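In my numbering, the protein residues as written are 10 to 271. Where a beta carbon is used, it is the ideal one built from N, C-alpha and C, also for glycine. This structure is a prediction, so every number in the text was calculated from the model and none was measured. Working notes for the structure below.
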């Protein structure tokens, strides 16, 4: 899907690539460790109702890799500056996987800029006795097969040939996500005790067959930690409900966003 032309935004000397389309209330989408895979159908659909802003994080895609980027919290503070520079408020915040963790860190900060939070198959928490899938130990082909429920689609992705530029970006994304999430593996030991600070309407969406953060234990942990949150589990879905269960994903987003504006 072609989507909007990328724009570059410079925040405190760090230039990031941003896809933006739509009008109305701003909706910020924060991608996971694999990077932003272009203007996906779910972003196109959301842009019919919202001003959708989808950046590639510092260290990912065609964005700069700044020297100061050492921890996921560095990304959280970067986005505080990013949103301030763009003058955005009353934002619907959505994060997938590592981006879900990042979204929660931002919501915990209580900046007052967000009106709803949606976390999708999110990293950030560790459930004792329920191992995560270790994407750093999987080959690219194994990861492609595991990340989707549909076996034919998984096989297609596993055999997809990348251009030299796409291969370079994939390597860059892996390097940065490893730097941010290697130890401790894809979680912040202090996050769970801080999630009570999230007072905005929150939606938790998860695939029942997520190979990375298994359901129902991981979504239940989020649901328990964020008082008043709503949880939706999707059958026949692995790690990316926004791609694998588009209609259900959109229904969840519209439910939480429309409810907040009544």
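In summary, residue 155 is buried, with 16 or more beta-carbon neighbours lying within 10 Å of its beta-carbon over all protein chains present. Where residue 150 is concerned, the enclosing alpha helix (DSSP H) starts and stops at 149-155. Residue 57 has its alpha-carbon roughly 14 Å from the corresponding atom of residue 266.
Segment contact: the region 119-135 against the region 216-234, three or more CB-CB distances shorter than 8 Å; contact assigned. For residue 60, the uninterrupted beta strand (DSSP E) segment begins and ends at 60-64. As for any alpha helix (DSSP H) of minimum length 4 sitting wholly inside the region 169-196, the runs are 173-190, ordered along the chain. In this structure, the beta-carbon distance from residue 123 to residue 209 falls below 9 Å. Remark: C-beta atoms of residue 67 and residue 73 approach each other more closely than 9 Å. With a cutoff of 9 Å on beta-carbon distance, residue 36 and residue 59 are scored as near each other. For residue 214, the uninterrupted beta strand (DSSP E) segment begins and ends at 211-216. Residue pairing for residue 38: DSSP places it in a beta bridge opposite 103.
In the displayed model, residue 57 falls within coil according to three-state DSSP, outside both helix and strand. Taking C-beta separations shorter than 8 Å and ignoring five residues to either side along the sequence, the partners of residue 29 in its chain run 13, 16, 60, 61, 62, 63, following chain order.
Straight through space, the alpha carbons of residue 31 and residue 96 are spaced by roughly 17 Å. Contact annotation, residue 256 with residue 250: C-beta distance approximately 10 Å; criterion of less than 8 Å not satisfied. Here residue 133 is bridged, per DSSP, to 196.
Counting other Cβ atoms within 10 Å of its Cβ, residue 171 stays below 16 and is therefore classed as exposed. In the DSSP assignment, residue 242 falls within the beta strand (DSSP E) that extends over 239-243.
With contacts defined by Cβ atoms closer than 9 Å, residue 262 and residue 200 do not form a contacting pair. Sequence-distant Cβ neighbours of residue 162 in its own chain, meaning closer than 8 Å and more than five residues away, do not exist here. When the Cα atoms are used, residue 40 and residue 225 turn out to be separated by approximately 22 Å.
Counting the other Cβ atoms within 10 Å of the Cβ of residue 137 gives fewer than 16, which makes it exposed. Inter-segment contact for the region 211-222 and the region 239-254 is present: three or more beta-carbon pairs are separated by less than 8 Å. Counting along the chain, residue 208 sits inside no alpha helix (DSSP H), nor does DSSP assign it H or E at all.
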